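K.L.:
Protein sequence lines, in the order shown, are assigned to chains A and B. Under our numbering, read the first sequence as residues 268 to 382, first letter to last. Under our numbering, read the second sequence as residues 4 to 115, first letter to last. Cβ atoms here follow ideal geometry from the backbone N, Cα and C, with glycine treated the same way. Remember, predicted model here, so these are calculated numbers, not experimental data. Next up is a structure, given as structure tokens.
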Amino acid sequence: EAGVAQSPRYKIIEKRQSVAFWCNPISGHATLYWYQQILGQGPKLLIQFQNNGVVDDSQLPKDRFSAERLKGVDSTLKIQPAKLEDSAVYLCASSLTSGISYEQYFGPGTRLTVT
Amino acid sequence: AQTVTQSQPEMSVQEAETVTLSCTYDTSESDYYLFWYKQPPSRQMILVIRQEAYKQQNATENRFSVNFQKAAKSFSLKISDSQLGDAAMYFCAYTGNTPLVFGKGTRLSVIA
Chain A
268 EAGVAQSPRY
278 KIIEKRQSVA
288 FWCNPISGHA
298 TLYWYQQILG
308 QGPKLLIQFQ
318 NNGVVDDSQL
328 PKDRFSAERL
338 KGVDSTLKIQ
348 PAKLEDSAVY
358 LCASSLTSGI
368 SYEQYFGPGT
378 RLTVT
Chain B
4 AQTVTQSQPE
14 MSVQEAETVT
24 LSCTYDTSES
34 DYYLFWYKQP
44 PSRQMILVIR
54 QEAYKQQNAT
64 ENRFSVNFQK
74 AAKSFSLKIS
84 DSQLGDAAMY
94 FCAYTGNTPL
104 VFGKGTRLSV
114 IA
């Protein structure tokens with residue numbers, strides 16, 4: 268079974284530029300998550316999708332971050348414009364469905380550096 | 004809000020020895036899960052072990068076991084017969100009626 272795929276693995280941009288990350292979850296997984304992991308901290312949930320609907324985006328900085336999962340499969344996370352404090356690893360995870368008993372499977376992440 | 008605290012930023016262990024990583028959490032919920040995740044330099048989070056709050060028996064997965072003290076809100080991870088491949092960041096995490104909440108992590112070094 269293929270795991271969660273993410274691209275790119277690394278990205279360096281200047282502040283005020285825009286950037287997009289892509290995630291392909293495990294086949295058949297209805298729930299998709301985007302996390303931000305700042306150096307020295309644990310991951311923090313940015314947004315959770317159930318199929319193509321948003322379940323929780325309470326910690327997403329909506330003035331600059333956006334995410335979509337149009338067909339209920341792949342997802343993109345966009346930052347526009349980027350700030351220095353957005354430097355972090357962005358992790359995508361998926362689970363069979365929502366609910367606390369369902370294991371989340373994580374992708375390898377995208378390391379973003381904003382200069 | 005639920006919080007997860009890992010008080011040991013770094014730990015080290017000799018190969019083949021046993022090490023215990025500490026985690027405490029704060030919640031008012033009665034139904035929840037606790038997890039330990041491993042994050043090697045490749046950055047991919049890997050689930051090591053999980054514990055359901057209503058189960059009194061401590062979870063065990065091969066060389067990994069937990070000491071779950073519900074009243075004390077403590078959830079420590081014991082790694083027995085440590086191997087070089089165990090070197091990584093370890094994160095304690097909680098979920099109940101909220102999304103996964105992670106601690107800040109403990110960096111484990113294994114000394115050959």
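1. Which one of Ser79/B, Thr27/B, Lys73/B has the shortest CA to CA distance from Val51/B?
2. For Lys107/B, which residues in chain A fall below 8 Å Cβ to Cβ?
3. Quick one: residues in its chain with C-beta nearer than 6 Å to the C-beta of Pro310/A, no 5 flanking neighbours on either side, listed in chain order?
4. Buried or exposed, going by whether 16 or more other CB atoms sit within 10 Å of the CB of Pro44/B?
5. Quick one: residues in its chain with C-beta nearer than 8 Å to the C-beta of Val286/A, no 5 flanking neighbours on either side, listed in chain order?
6. Okay, do the segment 62–69 of chain B and the segment 352–367 of chain A touch, 3+ Cβ pairs below 8 Å being the bar?
7. For the segment 268–287 of chain A, which residues have a beta carbon sitting closer than 7 Å to at least one beta carbon of chain B?
8. Got a sec: is the Cβ-Cβ distance from Gly88/B to anything in chain A below 9 Å?
9. Buried or exposed: which applies to Gly108/B, given that a residue is buried once 16 or more other Cβ atoms fall within 10 Å of its Cβ?
10. Between the alpha carbons of Gly237/A and Ser362/A, how many angstroms are there, rounded?
11. Find the residues of chain B that neighbour Gly374/A, judging by a C-beta separation of less than 8 Å, and give them in chain order.
12. Chain A partners of Phe94/B, CB-CB under 7 Å?
13. If we ignore side chains and look at the alpha-carbon of each, how far apart do Ala115/B and Ser10/B end up?
14. For the segment 338–367 of chain A, which residues have a CB atom closer than 8 Å to at least one CB atom of chain B, in sequence order?
15. Out of Ser112/B, Phe38/B, Tyr40/B, Ala56/B, state which residue places its alpha-carbon closest to the alpha-carbon of Gly88/B.
16. For the beta strand (DSSP E) that Ala91/B lies in, which residues bound it at each end?
17. Which residues does DSSP pair with Ile52/B in a beta bridge?
18. Taking 6 Å as the limit between beta carbons, can you name the residues of its chain near Thr6/B, skipping five residues before and five after?
P.N.:
Straight from the coordinates:
1. Taking the second sequence and counting its residues from 1, the one referred to as residue 51/B is at position 48. Closest option to Val51/B, judged by alpha-carbon separation, among Ser79/B, Thr27/B, Lys73/B: Ser79/B.
2. For the purposes of this step, residue 107/B is taken as the residue at position 104 of the second sequence. Simply Gly307, Gln308, Gly309.
3. Taking the first sequence and counting its residues from 1, the one referred to as residue 310/A is at position 43. The beta carbon of Pro310/A sits closer than 6 Å to those of Tyr302, Gln304, Leu358, all from its chain and outside the five residues before and after it, given in chain order.
4. Reading the second sequence from its first residue, position 41 is the one you call residue 44/B. So Pro44/B counts as exposed.
5. The sequence position of residue 286/A within the first sequence is 19, counting from 1. The residues Lys278, Ile280, Lys345, Ile346, Gln347, Ala349, Leu379, in chain order, have a CB closer than 8 Å to that of Val286/A in the same chain once the five nearest residues on each side in sequence are set aside.
6. Contact fails between the segment 62–69 of chain B and the segment 352–367 of chain A, because fewer than three Cβ pairs, one in each stretch, are under 8 Å apart.
7. Taking 7 Å as the Cβ-Cβ cut-off against chain B, none of the residues of the segment 268–287 of chain A qualify.
8. Numbered from 1 along the second sequence, position 85 holds the residue referred to as residue 88/B. Cβ-Cβ to chain A under 9 Å: no for Gly88/B.
9. Indexing the second sequence from 1 puts residue 108/B at position 105. Burial of Gly108/B is indicated by the presence of at least 16 other C-beta atoms within 10 angstroms of its C-beta.
10. Within the shown structure, residues of chain A are numbered from 268 to 382, placing residue 237/A beyond reach of any answer.
11. Numbered from 1 along the first sequence, position 107 holds the residue referred to as residue 374/A. Chain-ordered, the chain B residues with CB closer than 8 Å to the CB of Gly374/A read Gln47.
12. For the purposes of this step, residue 94/B is taken as the residue at position 91 of the second sequence. Against chain A, a Cβ distance below 7 Å from Phe94/B picks out Gly309.
13. By one-based count along the second sequence, residue 115/B stands at place 112. By one-based count along the second sequence, residue 10/B stands at place 7. For the pair Ala115/B and Ser10/B, the Cα-to-Cα distance works out to about 25 Å.
14. Of all residues in the segment 338–367 of chain A, those with a C-beta nearer than 8 Å to a C-beta of chain B are Val356, Leu358, Ala360, Ile367, reading in chain order.
15. Locating residue 88/B in the second sequence gives position 85, counting from the first residue. Relative to Gly88/B, the option among Ser112/B, Phe38/B, Tyr40/B, Ala56/B whose CA is nearest is Ser112/B.
16. As a position in the second sequence, residue 91/B is number 88, starting the count at 1. Per DSSP, Ala91/B belongs to the beta strand (DSSP E) from 91–98.
17. Locating residue 52/B in the second sequence gives position 49, where the first residue counts as 1. Note: Ile52/B is bridge-paired with Trp39/B in the DSSP secondary-structure output.
18. Within the second sequence, numbered from 1, the residue matching residue 6/B stands at position 3. These residues qualify, in order along the chain: Asp29.
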